[in-house]
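All remarks here apply to the structure that follows.
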Amino acid sequence: MKRTLDTGNAAITEGAIIAGCRLFAGYPITPATEIAENMSRRLPQVGGYYLQAEDELAALHICVGASLGGLKAMTATSGPGYILYADPYGWAIGSEIPVVIVNAQRVGPVSGITGAPGQGEFYLSRYPTQGGNFETIVLAPNSVQEAFTLTVEAFYLAERFRTPVTLLADQLVTDGWETLIIPETEEEIQAMGLKVIPRRINEGPEFYPATDEIDIPPVVLGHNTGAACSDWTPTAEGYDTEEVEWQHKHAYRLIYKIRNHKDLITRYESYFLEDDPEVILVSYGSPSRVVKSAVKAAREKGLKVGGLRLISLWPFPDEIFTKTAKYLSVELNYDGQLVREVQRAMPKGSEVHFMGKCGELPTVAELMELIEALIKGQPLKAKPWEMEAW
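Counting from 40, one number per residue, gives the positions in the sequence shown under our numbering.
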């Protein structure tokens with residue numbers, strides 16, 4: 040094992056290399072630029088290709104084309120570039136093309152503060168393109184090491200489900216420096232529990248089956264299979280059609296190949312939920328690290344508090360919200376996004392509150408103040424970062 044001190048951007052790069060990524064196309068944007076820089080150096084060393092595109096739209100189109108040519112591909116950006124991905128995102132989702140997309144979120148709206156963390160693309164990662172009738176797979180690391188492992192996982196899921204997989208990180212993860220352990224042999228890769236699937240080729244004649252099956256090889260062009268990859272609704276053989284019956288079949292597949300195999304995707308961390316806590320804090324990404332410290336501090340004071348950290352964001356893990364409690368959603372935004380899904384998923388008799396900040400993490404002291412107020416049934420004090428109960 041190689042043990043080093045490095046950033047989340049470096050971890051994502053090395054994870055992609057181990058997962059078999061051999062093409063990266065991107066456009067520089069803080070805080071994801073170092074992924075492109077690292078890829079431009081590392082990919083030629085393993086027989087891969089680096090391309091700097093003229094913009095983010097072109098970058099993802101290049102990645103989709105490379106995947107159709109049989110290469111595992113990845114791109115990386117931040118919020119202002121992520122919104123430009125909508126067209127190729129739709130193509131990749133509809134034509135079931137594996138690709139990995141990294142979004143290092145920074146505070147917004149629009150260009151916001153380039154060096155400050157944010158969590159503003161929670162819903163955008165669920166609905167990244169036009170038309171609906173699909174599900175997405177989104178993973179959210181909270182550390183440098185997890186950025187590495189979840190990048191490998193993203194490629195694994197992209198191949199199994201034939202779909203784009205998004206790694207929704209934030210600036211503190213991608214720019215942060217921490218210990219990073221990288222396996223150097225096949226035995227070490229397996230010892231870390233990492234799974235890598237080589238790219239396969241769909242030989243046809245059925246390329247878009249009207250089923251919820253996974254582990255079907257993706258379309259790869261240039262092998263005389265007759266494969267097609269239009270962004271129109273396809274028949275099973277891949278031909279464009281205007282027949283609504285095929286639209287029904289195609290939409291069913293895009294939705295239920297993910298929903299019906301949700302157990303293969305869902306990842307989360309829970310703590311102190313065994314004794315039915317009065318307050319449960321919910322978070323993902325960088326804020327989850329402060330949240331965990333706050334929950335431990337509350338427990339040391341004898342308060343019945345628990346925590347849920349979401350690692351997979353979409354499809355949303357409704358099934359883990361089983362406790363009737365006061366939920367507090369902690370996010371790096373002011374408008375409240377995750378909180379809405381918590382409100383929808385929580386059991387009857389629960390209530391949900393929101394704590395949001397922009398550009399900086401909450402403190403343990405701030406969270407403790409809110410926890411104590413919720414337990415005592417006191418109204419939450421009005422502060423710039425606090426919104427009313429949902």
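Note that the Cβ used here is the ideal one computed from N, Cα and C, for glycine as well.
Between Asp209 and Leu371, the CB-CB gap stays under 8 Å. Across the set Pro248, Ser368, Leu110, Thr224, the C-alpha of Pro248 shows the shortest separation from the C-alpha of Glu276. DSSP, read as helix, strand or coil, puts Ile294 in helix. Around Gly108, the same chain offers Val259, Leu260, Gly261 as residues with beta carbons nearer than 8 Å, after the five sequence neighbours per side are excluded. DSSP links Arg42 through a beta bridge to Ile220. With fewer than 16 neighbouring CB atoms inside 10 Å of its own CB, Asp279 falls in the exposed class.
For Cys102, the three-state secondary structure derived from DSSP is helix. Gln144 is positioned such that its CB atom lies closer than 8 Å to that of Ser117. Taking all protein chains shown into account, Gly345 has 16 or more neighbouring C-beta atoms within 10 Å of its C-beta and is therefore buried.
In this structure, the straight-line span from the alpha carbon of Leu413 to that of Glu339 is close to 17 Å.
Pairing Pro167 with Tyr195 gives a Cβ-Cβ distance that is not under 8 Å. In the DSSP assignment, Asp209 falls within the unbroken beta strand (DSSP E) covering 203-209.
Burial state of Val318 is buried, judged by a 10 Å Cβ sphere holding 16 or more other Cβ atoms. For Pro256, same chain residues with a beta-carbon under 7 Å away, outside a window of 5 residues either side, are Arg239, Ile240, Asn241 in chain order. Burial state of Glu95 is buried, judged by a 10 Å Cβ sphere holding 16 or more other Cβ atoms.
The C-alpha of Glu174 is placed about 17 Å away from the C-alpha of Val141. For Pro326, there is no enclosing beta strand (DSSP E); the residue is part of the alpha helix (DSSP H) that begins and ends at 326-339. Between Gly395 and Tyr373 the beta-carbon gap is near 5 Å, inside 8 Å, which marks them as a contact. Per the C-alpha coordinates, the member of Pro70, Pro222, Glu93, Ala131 positioned closest to Gly147 is Pro70.
In this structure, DSSP gives Gln382 a helical state, which the three-state scheme calls helix. Under the Cβ criterion (8 Å, minimum of three pairs), the stretch 207-222 counts as touching the stretch 154-171. Between Met40 and Glu227, the C-beta spacing is below 8 Å. Distance from the Cα of Pro386 is smallest, within the candidate group Gly47, Lys362, Pro119, for Lys362. Taking a contact to require three or more Cβ pairs closer than 8 Å, the stretch 50-65 and the stretch 74-92 qualify as touching.
When the five nearest sequence neighbours on each side are left out, the beta carbons in the same chain lying within less than 6 Å of the beta carbon of Arg306 are those of Ile350, Ser351, in order along the chain.
By the C-beta density criterion, Lys415 is exposed, having fewer than 16 other C-beta atoms within 10 angstroms. CA-CA distance, Ala230 to Pro237, rounds to 18 Å. Around the beta-carbon of Gly133, 16 or more other beta-carbon atoms lie within 10 Å, marking it buried. Rounded to whole angstroms, the Cβ separation of Val378 and Phe393 is 4 Å, and the two are in contact under 8 Å. Secondary structure at Trp271: coil, using DSSP grouped into helix, strand and coil. Taking the Cα of Phe246 as reference, the smallest distance to any Cα among Ser269, Gly65, Glu313 is reached at Ser269.
Under the DSSP assignment, Gly395 falls in the beta strand (DSSP E) whose first and last residues are 390-395. Between Ile253 and Lys296, the C-beta gap is smaller than 8 Å, which places the two residues in contact.
By the 16-neighbour rule on beta-carbons within 10 angstroms, Asn48 is buried. Proximity to Gln158 across Leu206, Ala266, Ile359, Phe200 peaks at Leu206, based on C-alpha coordinates. Between Pro401 and Val369, the C-beta gap is smaller than 8 Å, which places the two residues in contact.
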